[in-house]
Every structure is written in C-alpha cells, then in structure tokens.
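Peer 1: To start, I am sharing the structure in question, which I have written as structure tokens.
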C-alpha cells in the first residue's frame, strides 16, 4: 500500500471513529484528526525536504570543485561555469522554472569574497508540496551554496613578462561605452598581476615584468645608458633593435651588442608609417616605462595606470625586451630582486605574454628584416631557451595572413594562443593565461572551504 493510500485510510478511520457518539472522548478525537493528519503529512514532507537538501548540496559541491579545476587548468570563467553546470547535471540537477544555478568567480560573499583562487556555486530549487499540500499554499525554497578554493602553494618559481601594446590605435573605442582599448588592456594586465603574484614569496617567488611598446621601448633613465652605452639626451630614453650576431639573442648589452637609441635611429625608420616616425619630436612611448620582474603589485599597477597611447607598432622590440626581462644573461642589468633566475624548468617556469594585433609596421635595421620577420625569429629563439610563449591577438585582421601567421608562429602551441575583439574577452584571456601558468607550478588540488 502506498503512503498516500495509507494516509487516506487513516483519515477515513479517524473520521469514522470521531462520529461515534458512545463516548465523551469522541469530540476530542474528532478535533484531533486534522492535527494528527497534518503532523503525519509534515513529518513525511520534512524528511523528503531533508533528502532533497542533501542532494542539492552534493550538486553544489561537485559543481564548485569542477569549476575550480577548470580555472586552475587555464579555462575562462565562462568555460568553468559550463564545466560546473555539466557536473551538476551529472549529479541530478535539472534546470527548470523552479531552479537557479549561479557560478561566481571570485565569490561574492563569505570569507573568500573577492579571492581569485576561489569559486562559489549557489543552487536553489522550489520543492513541490506532497502530503502537506492540504495545509500549506506553496512549496519550500531550498538553497545550497559551496565554495571551492585552490590553495596556491608554489612548487617552483614563476616569472611572467607581459608585452603590452601602447601604440596610437589603442586609444580607439571598444564595445563598452567610455572604455578605450588601452583601458581594457590595463585592466586585463592588472588582473594577471593579481593572480600571479602571491602574498608569500618563500620558498619560491612569483614575479611579473611589464614591457609596454609602440614605436620603441622606453627603458627610462635607469637603464638607458647601460643598454646603449650613450648618455641620456633629455627625455629620450627609448631604444630600438640592434644588429649583428646578437640581434636575435638574449645576449646582455656589451661592445658590438648595444641597443640602438630611438632619438638617433628614428631617422632610419622603415615600414608603413616611416614618415610619421621620422618626424616625431618627442620620446615614444612617452610615459609607458619598462618595469623588470617584481613582486610589488602597487608599483606595477602604477606603471600600467600611467600608460598613454601613441606611436606606431614595432612589436619586434617589445618581443625582444620581454625576453630580456626573463633572461638570466641580463642579471647584470636587472639586478637584485629584479634579476631573472637561471634557465632551469625544474626550478623556474618562465612565461612570456605577447599582446598585439600582430600587424607590425615599424622597424629600424633593414639588415634584420622587417618587424614581423624579426619578431618571429625572436619568438623562435625565446621558445628554444625554455620560455613558454602565449600570444593574445586583440583585434586581429584575419585577412592579414602575415599577422595571423605571426600570432600562431610566436605561440608555443595551439593551447597558448588567444584571439579576441572585446574588453571582456581580453580580460578573460589574461586571467586564463595567469591561471594556466600558475597551475603549472602549484601542487594542491581544489578543496571545499564553505
């Protein structure tokens, strides 16, 4: 006999007994029938609600763990959300008008709110009334929340150098009202810094270098003389490529290996905008300075916030300085806490992130080939040195085969190249790269913390 039939039989018998007028207890029993039925119905429904609550919590837990694993492997938040939903469905979640499924990374509440190494999953469901429908007007709302956290315990050092485009085209508008391409890039770069640089720098370090570029790379007064062997001329502290056997290497500056100074070399500018470059009357980039490896988030963000968009796209110079920032051969220039570690993949993961539209249009040494040729050669040699190269194409012209081939050719693999035309896509790419790079040097698995 079903529970429903049992309840109906109990109710009929109690009512029948209540009509018996042979005892003084009849009235009391009759009045107690609704209470007895209601209590029995509520106890059954409460048990079923409890089971549903446990099931809902299991859905939230497995979804949160799945999302965190996806993020730790380099997936975007949207991809991680899809993974979470798939895991939830496998554990019995059914989407309907009565259910909601929300993934937040970082979490929006609780002790881990704002923590980029955590994922929050909230699942709700309005349960139907079973036997207590005789007494209640609507079903019970159940909610389950779970937070998964990937503790970042480094198993080796990590060094990340970002090549960031600050050419004039970055002043252009985006799909987001009031936000320029430059601002979108600045936000994305700062997100990467927040993910990579860890609060604990022992026993291993996690550092980031910032390399802005346009018609040249501005190394500032700190490094100009050391890399060009020339005295600083006013505010002209930008440099261009070098020639000779060291042109496509990470050799440190020395005799026959000096970098060209932009003020002098701009007279020999080549490329689509050579006339524009030759007529420049001030330093380019103007306020966008190269920042070597650092753990100082505030200083790096201040550097990024000071970016302005001007000049052309000499991407090969940006590639070169991204490599220099990671090369142990440059420890005589970038010394102390800025000095890159030795090339040893068992101890240090070295990562280059190259942002561009990959339409390189300015160069200075014709013997080296044009900007695209130089950039590709530098990428090839940088990868051979053991550096993992990520390429992020922002506004890539897919009809430009040279740009497309450079975007593909510079990356270490198909998994380390990204292409986007949106602000959100750019930030997602940088965050995915950061999570992927960091995941390669951490050891623990995600755990449930809330």
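Residue numbers (this note's numbering): 1 to 450.
We treat Cβ as the ideally placed atom computed from N, Cα and C, and that holds for glycine.
(1) When you compare each of 263, 270, 122 to residue 282 by their alpha carbons, which one comes out closest?
(2) Using a Cβ-Cβ cutoff of less than 6 Å, which residues in the same chain neighbour residue 120 once the five nearest sequence positions on both sides are dropped?
(3) Is residue 180 close to chain C, meaning its C-beta is less than 7 Å from at least one C-beta of that chain?
(4) Relative to the alpha-carbon of residue 423, which residue among 101, 187, 124 has its alpha-carbon at the smallest distance?
(5) Return the chain-ordered list of same chain residues with a C-beta closer than 6 Å to the C-beta of residue 417, the five sequence neighbours on each side being excluded.
(6) On the criterion of 16 or more Cβ atoms from any shown chain inside 10 Å, does residue 50 qualify as buried, or is it exposed?
(7) Taking 7 Å as the cut-off, decide whether the C-beta atoms of residue 450 and residue 110 are in contact.
(8) What's the call for residue 397, buried or exposed, on a 16-neighbour Cβ count within 10 Å?
(9) Considering residue 510, what are the terminal residues of the alpha helix (DSSP H) in which it resides?
(10) So what does residue 312 bridge to, in DSSP terms?
(11) Quick check: what's the CA-CA separation for residue 318 versus residue 211?
(12) Among the residues of its own chain, which have a CB less than 6 Å from the CB of residue 230, if the five just before and after it don't count?
(13) Taking the C-alpha atoms as reference points, what is the distance between residue 59 and residue 439?
(14) Compare the beta carbon distance of residue 372 and residue 382 with 7 Å and say whether it is the shorter of the two.
(15) By how many angstroms is the C-alpha of residue 52 removed from the C-alpha of residue 133?
(16) Just grab the DSSP bridge partners of residue 217 for me.
(17) Fully enclosed by the stretch 49-134, which beta strand (DSSP E) runs are 3 residues long or longer?
(18) If you follow the alpha helix (DSSP H) that residue 430 is in, where does it begin and where does it stop?
(19) Return the CA-CA distance between residue 149 and residue 408, expressed in angstroms with no decimal places.
(20) Does DSSP put residue 328 in a helix, a strand or coil?
Peer 2: Considering the structure as presented:
(1) That would be 263, whose Cα lies nearest to the Cα of residue 282.
(2) Counting only Cβ-Cβ distances below 6 Å, and skipping sequence neighbours, we find 104, 107, 147.
(3) Here there is only one protein chain, and chain C is not present.
(4) 187 is the residue among 101, 187, 124 whose C-alpha sits nearest the C-alpha of residue 423.
(5) Around residue 417, the same chain offers 391, 411 as residues with beta carbons nearer than 6 Å, after the five sequence neighbours per side are excluded.
(6) Note on residue 50: under 16 other CB atoms within 10 angstroms of its CB, so exposed under the neighbour-count rule.
(7) Residue 110 is positioned such that its CB atom lies closer than 7 Å to that of residue 450.
(8) Counting Cβ neighbours within 10 Å, residue 397 comes out exposed, since fewer than 16 surround it.
(9) Past the edges of the chain, shown from 1 to 450, lies residue 510, and the structure says nothing about it.
(10) Bridge partners of residue 312 according to DSSP: none are assigned.
(11) Residue 318 and residue 211 have their C-alpha atoms spaced approximately 7 Å apart.
(12) In chain order, 261 place their CB closer than 6 Å to the CB of residue 230, counting only its own chain and leaving out the 5 sequence neighbours on each side.
(13) If I take the Cα positions, the gap works out to 25 Å.
(14) No, Cβ-Cβ distance for residue 372 and residue 382 is not below 7 Å.
(15) Annotation note: pLDDT 49 at residue 133 (below 50); position unreliable, no value reported.
(16) Checking the DSSP bridge columns, you'll see residue 217 partnered with 239.
(17) Under the rule that a run must span 3 or more residues, the beta strand (DSSP E) segments found entirely inside the stretch 49-134 read 99-104, 118-126.
(18) Counting along the chain, the alpha helix (DSSP H) containing residue 430 begins and ends at 423-439.
(19) If you take the alpha carbons of residue 149 and residue 408, they lie about 33 Å apart.
(20) Secondary structure at residue 328: helix, using DSSP grouped into helix, strand and coil.
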